[in-house]
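Peer 1:
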Amino acid sequence: MNLKTACVCLLSICFSFVHAENRETLPLLNETEIPQTHAEMWRGFDPRVEPLETEILKEWEQDEVVLQVLRYRIGCFKGKKSLMAAVYGYPKDAKKLPGLLQIHGGGQYADYKAPLTNAKRGYATLSIAWAGRISAPQYRVSSHEVKLFWDGEVKDPKYKLTTDWGALDAYHAPSRYGKDAFPSIPVADWTIDSVESPRNNSWFLVALAARRGLTFLERQPQVDGEKLGVYGHSMGGKLTVMTAGSDSRVKAAAPSCGGISDRYSLNPLHLATVSDPPSLKKISCPIVFLSPSNDFHGRINDLETAITEISAKEWRISCSPHHNHQDTPEYEVLTQLWFDRHLKNSFSFPQTPKLKLTLAKGKIPKVTLDIDEDKTEEVDIFYTQQGQVDGKKDNSTNTKNRFWHHAKASKIKGHWVAQLPVFSSDSPLWVYGNVSYKLPTPVSGAGYYYGEYIADRFVLSTLMQKVSPSKMKASQTLASMKPQQMIEDFRGDWQKEWFTYKPEKWGIRTHKIYHPVWKAPRNAKLSFEVFTDQPNLFVVSIDSYATEIAIERGGRFAKVELDCAAFINAEGQALQEWNGIKELCLGEAEILRPGRGSDAEPKKLGGSWKGKAPKFLNLRWINN
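Under this note's numbering, read the sequence shown as residues 132 to 755, first letter to last.
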């Protein structure tokens with residue numbers, strides 16, 4: 132070969148390399164090819180075809196776990212590369228482990244604690260930073276550092292490389308160009324297509340990047356590419372559903388607080404492509420839904436519909452009562468157990484409990500529960516008559532604050548049975564059951580917001596049954612509950628109608644005051660008795676208002692009476708009336724946060740609790 136020929140060959144190779152570098156990830160469209168379905172939206176995308184071009188930004192070891200902050204190539208869009216930052220972790224010297232893709236929610240970070248805790252349980256995990264934020268030792272990228280990255284402030288000491296969407300904008304809280312493209316399908320110079328197309332929507336872009344994350348995992352020597360799982364919380368829950376519904380490499384999925392309620396858009400194109408149903412209908416892998424009863428984002432009344440849409444034969448649900456967008460260990464642990472079952476075959480799940488509701492003329496409603504009995508700890512029924520059934524846009528206030536009554540089930544002739552006293556015979560009735568099971572050994576993990584936990588039990592739920600107001604009225608069932616001023620006597624299973632997100636502390640909350648049974652009489656006072664073993668300071672709060680209670684002498688019950696003016700918000704304003712109140716909290720401390728647009732500073736009430744947890748009696752309304 133002469134020199135001239137060699138030069139021509141070299142130039143040809145270089146041209147081919149540059150061409151491949153800048154080849155568009157998605158095929159270009161004309162106006163007659165706009166995707167109208169889920170399948171058309173994903174047409175032409177192969178998550179394996181492009182190189183990953185992985186760059187490691189930081190690496191360290193912790194507790195025999197290798198951890199890396201890195202970036203991989205998402206693709207090339209409008210002539211510019213997009214790169215995803217992530218935290219990757221695996222047990223040192225590991226080979227052929229199950230791989231997990233963890234997707235954060237809105238306002239959250241890719242966090243090293245997810246890969247770290249999963250690695251200790253025998254998994255390799257990639258936590259992707261689709262919004263650009265990263266939480267890792269000596270590599271923290273907050274929204275401030277994301278903006279430094281956008282502006283190219285390389286000389287700023289806080290500047291760090293992070294996710295680079297290139298010519299696009301799939302950032303969130305904040306978005307780069309000031310317009311959130313998740314609920315909408317915009318057309319702009321920073322979108323892929325120049326016409327209204329689902330490929331312009333940020334849900335699609337992040338799901339595409341997540342699928343590239345699966346490619347990263349399956350190519351790592353530590354990972355068995357045939358054993359991949361995906362999970363995420365809130366927006367990450369929806370993205371979990373989108374990823375599992377578009378990529379057959381996902382062998383198990385665990386969305387929490389998302390992926391079931393994006394089904395009400397007024398845009399037909401959104402509904403047909405990036406809403407939840409098109410992805411749910413494509414899911415065939417085992418999936419567990421973690422859906423708190425009062426969650427505003429993944430609403431429990433959409434869960435039954437979601438279950439009918441999936442084609443997966445293996446599914447479970449876990450619905451904590453009273454919770455909104457948070458959970459406690461016995462619910463969060465379902466994620467870890469699900470992957471143990473379906474990626475490691477090291478755990479066996481009981482069957483989903485089944486609930487039957489009976490309405491009879493002149494009688495109290497009754498439920499019968501059939502359960503898998505092995506290692507059962509508790510069987511509980513929760514029901515509400517405050518479910519929204521008007522067909523209008525979700526009333527978020529109602530969703531987050533509706534009260535769930537508790538009914539304890541008793542075993543009769545092999546079935547678990549409970550009565551459900553109701554307040555109204557022409558209001559809706561929603562009811563579901565929870566079965567708590569003892570774990571053979573405690574399980575640890577990082578929860579929805581990366582708080583580390585240890586669980587010694589887990590909870591499986593039935594599908595919720597819903598009865599419309601018209602059916603309740605037609606059944607002529609007995610409404611036996613009457614208005615009462617005694618809110619709580621603190622006897623029996625009273626704690627089942629209260630809740631906490633911090634079980635390590637004694638503080639408790641309830642939505643009983645939102646229910647018409649316990650509506651405050653006009654000009655009433657809130658009264659209760661409290662016992663502490665030593666002098667203490669604690670807080671009573673109602674919604675965004677609170678008051679401090681000083682107990683100057685311990686060892687006896689003290690009586691407390693409060694009118695509504697005793698409750699003050701962060702701006703120093705008093706609560707004007709009881710009407711419309713939603714949540715009552717008794718706790719050792721509370722931070723009152725000012726409303727949006729307020730100049731007031733957050734205000735902390737209470738302090739560090741001393742001694743044993745307090746005891747309460749006779750929480751009630753008394754006439755003034």
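Note that CB positions come from ideal geometry on N, CA and C, so glycine has one too.
When DSSP builds the beta bridges, which residues end up paired with Arg-687?
Peer 2: BP columns for Arg-687 point to Thr-663.
Peer 1: So Thr-593 and Pro-484 are in contact, right, with Cβ under 8 Å, and what is the actual spacing, rounded?
Peer 2: That pair is a contact at about 5 Å.
Peer 1: Determine the DSSP secondary structure at Ala-383, reduced to helix, strand or coil.
Peer 2: Ala-383 falls in the strand class under three-state DSSP.
Peer 1: Given a threshold of 16 other Cβ atoms within 10 Å of its Cβ, counted over all protein chains shown, does Arg-687 qualify as buried or as exposed?
Peer 2: Arg-687 should be labelled exposed.
Peer 1: Once DSSP output is grouped into helix, strand and coil, what is the label at Tyr-514?
Peer 2: Strand.
Peer 1: Please classify Gln-199 as buried or exposed, where buried requires at least 16 neighbouring CB atoms within 10 angstroms.
Peer 2: By the 10 Å Cβ count, Gln-199 comes out buried.
Peer 1: Using a Cβ distance threshold of 8 Å, determine whether the stretch 337-352 contacts the stretch 454-466, with at least three qualifying pairs required.
Peer 2: Contact fails: fewer than three Cβ-Cβ distances are below 8 Å.
Peer 1: State yes or no: is the C-beta of Gly-236 within less than 7 Å of the C-beta of His-401?
Peer 2: Not a contact, by the Cβ cut-off of 7 Å.
Peer 1: On the three-state DSSP scale, how would you describe His-453?
Peer 2: Here His-453 sits in coil by DSSP.
Peer 1: Measure the alpha-carbon distance for His-454 versus Gln-704 and round it to whole angstroms.
Peer 2: The alpha-carbon atoms of His-454 and Gln-704 are separated by roughly 28 Å.
Peer 1: Whole-angstrom Cβ separation of Ser-406 and Arg-394, contact assumed at under 8 Å?
Peer 2: With 8 Å as the limit, Ser-406 and Arg-394 qualify as a contact, their Cβ atoms being about 6 Å apart.
Peer 1: Taking the beta strand (DSSP E) that Asp-587 belongs to, which residues open and close that run?
Peer 2: Start and end: 583-592.
Peer 1: Which of helix, strand or coil does DSSP assign to Tyr-362?
Peer 2: The answer is strand: DSSP assigns Tyr-362 an E or B state.
Peer 1: Apart from the five residues on each side of it in sequence, which residues of its chain come closer than 7 Å, Cβ to Cβ, to Ser-477?
Peer 2: Asp-471.
Peer 1: Taking the CB atoms as reference points, tell me whether Pro-666 and Ser-611 lie closer together than 7 Å.
Peer 2: Result no, Cβ atoms of Pro-666 and Ser-611 do not sit closer than 7 Å.
Peer 1: Go through its chain and collect everything with a Cβ distance to Lys-487's Cβ below 7 Å, but skip five positions before and after it.
Peer 2: Answer for Lys-487: Val-498 and Thr-499, listed in chain order.
Peer 1: Name, in chain order, the residues that DSSP records as bridge partners for Thr-404.
Peer 2: Thr-404 is not bridged to any residue.
Peer 1: Using the rule of at least 16 other Cβ atoms within 10 Å of the residue's Cβ for burial, across every protein chain shown, is Gly-220 buried or exposed?
Peer 2: Looking at its Cβ environment, which holds 16 or more other Cβ atoms inside 10 Å, Gly-220 is buried.
Peer 1: Mapping DSSP to helix, strand and coil, what is Arg-343?
Peer 2: Arg-343 falls in the helix class under three-state DSSP.
Peer 1: Put His-473 into one of helix, strand or coil per three-state DSSP.
Peer 2: Three-state result, His-473: helix.
Peer 1: Does DSSP put Met-172 in a helix, in a strand, or in coil?
Peer 2: Helix at Met-172.
Peer 1: Helix, strand or coil for Asn-249, going by three-state DSSP, please let me know.
Peer 2: Residue state, collapsed to three classes: helix.
Peer 1: Please tell me whether Ser-213 and Gly-309 are closer than 7 Å, where the distance is taken between their beta carbons.
Peer 2: No, the Cβ-Cβ distance between Ser-213 and Gly-309 is not below 7 Å.
Peer 1: Note down the Cα distance separating Asp-557 from Lys-602, rounded to an integer number of angstroms.
Peer 2: Roughly 8 Å between the two C-alpha positions.
Peer 1: Any idea what DSSP makes of Gln-467, helix, strand or coil?
Peer 2: Looking at Gln-467 - three-state DSSP - the assignment turns out to be helix.
Peer 1: Between Pro-600 and Val-648, which are expected to be in contact by the criterion C-beta below 8 Å, what is the C-beta distance as a whole number of angstroms?
Peer 2: Contact doesn't hold; Cβ gap of about 18 Å is too wide.
Peer 1: Which residues in the same chain have their Cβ closer than 7 Å to the Cβ of Pro-674, if we skip the five residues on either side of it in sequence?
Peer 2: In the sequence as displayed, the identity of residue 674 is Asp instead of Pro. Here the set comprises Ile-712, Lys-713 and Glu-714.
Peer 1: Nearest to Ile-414 by CA position, among Pro-423, Thr-293 and Gly-390, is which residue?
Peer 2: Ile-414 has its Cα closest to that of Gly-390, out of Pro-423, Thr-293 and Gly-390.
Peer 1: Note down, in chain order, each residue of its chain lying with its Cβ closer than 6 Å to the Cβ of Arg-751, except the 5 sequence neighbours on either side.
Peer 2: Contacts found: Gln-616, Met-617, Ile-618 and Ser-658.
Peer 1: Compare the Cα-Cα distances from Arg-653 to each of Ile-753, Ser-575, Trp-629 and Thr-515 and report the closest residue.
Peer 2: The candidate whose alpha carbon is nearest that of Arg-653 is Ile-753.
Peer 1: Return the chain-ordered list of same chain residues with a C-beta closer than 8 Å to the C-beta of Ile-680, the five sequence neighbours on each side being excluded.
Peer 2: These residues qualify, in order along the chain: Val-661, Leu-668, Phe-669, Val-670, Val-671 and Val-691.
Peer 1: Under the assumption that Ser-577 contacts His-473 (Cβ atoms under 8 Å), give the Cβ distance between them as a whole number of angstroms.
Peer 2: The sequence given here has Ala at residue 577, not Ser. Going by Cβ atoms, the distance from Ala-577 to His-473 rounds to 19 Å, so no, they are not a contact pair.
Peer 1: State the Cα-Cα distance for the pair Gly-238 and Gly-545, rounded to the nearest angstrom.
Peer 2: Computed Cα separation, rounded: 47 Å.
Peer 1: Taking 6 Å as the limit between beta carbons, can you name the residues of its chain near Thr-608, skipping five residues before and five after?
Peer 2: Cβ within range, chain order: Leu-490, Pro-496 and Ser-556.
Peer 1: Terminal residues of the continuous alpha helix (DSSP H) containing Pro-229?
Peer 2: Unbroken run through Pro-229 is the beta strand (DSSP E), 228-234; no alpha helix (DSSP H).
Peer 1: Is the CB of Val-566 under 7 Å away from at least one CB in chain D?
Peer 2: Here there is only one protein chain, and chain D is not present.
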